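What follows is a set of notes on a single structure, which appears directly below.
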Amino acid sequence: MSRSIPKLAMAALLAASVSTSAAPAAEAAPTDPWNLVWSDEFSGANGSAPDAAKWSYDIGTGINGGWGNNERQYYTDSRKNSYIQDGRLVIKALAESYGGRNYTSARLVTRNKGDWTYGRMVVRAKLPAGNPTQLQGIWPAIWMLPTDNVYGTWPVSGEIDIMEMVGRESTSASSQKVWGTLHFGNPWKYINSSYTITNNSTNGGFHEYAVEWDPDQIRWYVDSQLFQTRSASEWYSSGAPSPAPFNQRFHLLLNLAVGGDWPGDPAASTVLPQTMEVDYVRVYQRPASSGVVSGANYKLINVNSGKALDVYSAGTANGTNVDVWTDNGTGAQQWQALSNGDGTFRLVNLNSGKALDVAGAGTADGTNVAIWEVNGSAAQKWQFVANADGTYKLINPNSGKALDVAGAGTGDGTNVQIAWDNGSAAQKWRLVRL
């Protein structure tokens, strides 16, 4: 939502809505394990401010006097524009003269109070409802921005829009179109898709908007219905290789804009005030270990081949290749899992004392995997992601790629590499604790 969308780009955005309308068929949210790591249930007293330990405000008119989008409101931290009421956060846009503008509203952010790399972000909210003329120029959003801008200023460091609604696209009080979008690149690129809520009058108008953000994929949901999936091959950053820019800390934003390049200016028919009510915000992350015990020793059996993860010829030198080999019980096939304290592990081979390492910290499909002295680098970090069948995939967060047996081979000595996470048996590993 931070971007400015010129008229030509707006035409492209509308065209994109056509090209992406054939989103994946809706399906139930996955049942992978997630741990709640942060939440706000907005349980304060009626009329009180949101929890200052969790939320800050963006105040004023921002970039270029319109938050980069030619928005017409002045954002405040006034209780007129944001407050707790009956266990909900209310963000209210008003028609009033303030700060040289004709409208006021609020934009709340968790920056440096709630920042995450990967996770499931869930917001249950009630959006402004009405017909297109009543909502002309109204633009609620639930979204994420990078906390540190590691790769550069917008859009190079990325943006994740969990939900945006453009008022003029609302066909009635019971039917609303919402968008999920990624912004990235230099020059600016975006990919998006929309979802139409046809039962908005149920549940008091409240719906649950969510993204599931993994190193290699981001998924969008409305009321647990998947409506868009984007893979790391679809985005890029001019500042670093994939999965950048979506491999750094991001924070949440909640706001209700009035006017802007996308929704257009309010009209005489626009009804104000308008509100966005938020029932809760919840952030989940995958369990740090997914059952893996730090300090424990394991052998890793590849599901496709039945062979063990092995150091070639029981080598001990830096750069010795890693392959699969018939399970022989030797130290060359035994690995100690050690937590890095950030949800990842390093795997240290018991025979050599060296770590499982992506050669040259590479990120391309087919990059070799070998052993190397333990150095704490990103090339030696592995995330254990539990599969539904009790096996694991090992994801290297630096590359977003999975530990993979080349060509789905089954012979002794078949090479081990990193490759695009494809869910195949060549990327599934059974952990046997020793």
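Numbered per mature numbering (1 follows the signal peptide of the UniProt record, and there is no 0), the sequence shown spans residues -22 to -1, 1 to 412. We put the CB at the ideal spot given by N, CA and C, even for glycine. Just so we're clear, the structure is a prediction, and the values are computed from it rather than from any experiment.
A residue is called buried when at least 16 other Cβ atoms come within 10 angstroms of its Cβ; PRO221 meets this threshold and is buried. Contact between the segment 63 to 71 and the segment 87 to 100 is absent: fewer than three C-beta pairs spanning the two stretches fall below 8 Å. The beta carbon of ASN164 lies closer than 6 Å to those of VAL134 and SER216 in the same chain, with the five residues before and after it left out. In this structure, SER152 is the residue among SER152, ASP194 and TRP398 with its C-alpha nearest to the C-alpha of THR180. Per the Cβ contact rule, the segment 39 to 56 is not in contact with the segment 287 to 306 (fewer than 3 Cβ pairs under 8 Å). Cα atoms of GLN154 and THR88: separation of roughly 27 Å, rounded to the nearest angstrom. In terms of Cα proximity to ASN282, the closest of ALA386, ASN109 and GLU19 is ALA386. Counting the other CB atoms within 10 Å of its CB gives ILE41 a total below 16, which places it among the exposed residues. Per DSSP, the beta bridge partners of TYR173 are VAL156.
In this structure, ALA310 lies near ASP288, with their beta-carbon atoms less than 8 Å apart. In this structure, the CA atom of VAL15 is about 30 Å from the CA atom of ALA333. Contact between the segment 327 to 344 and the segment 302 to 317 is present, with at least three C-beta pairs closer than 8 Å. DSSP places ALA210 within a helical segment (H, G or I) once states are collapsed to three. Secondary-structure assignment with DSSP links PRO118 through a beta bridge to LEU234. The beta-carbon separation of ILE396 and ASN374, rounded to 6 Å, stays under the 8 Å limit for a contact. In the three-state scheme derived from DSSP, where H, G and I count as helix and E and B as strand, ALA103 is classed as strand.
Cβ contact annotation for SER377 (same chain, cutoff 6 Å, sequence separation greater than five): THR341 and ILE396, in chain order. If you draw a straight line from the Cα of ALA339 to the Cα of PRO244, it comes to about 51 Å. Non-local C-beta neighbours of THR125 in its own chain, meaning closer than 7 Å and more than five positions away in sequence, comprise ARG89, ASN90, ASP93, ARG227, PHE228 and HIS229, ordered along the chain. For the pair GLY344 and ASN47, the Cα-to-Cα distance works out to about 42 Å. Taking 8 Å as the upper bound for CB-CB distance, ARG146 and LEU113 are in contact here, some 7 Å apart. Considering only ALA218, GLY284 and ASP320, the residue with the shortest C-alpha distance to GLY136 is ALA218.
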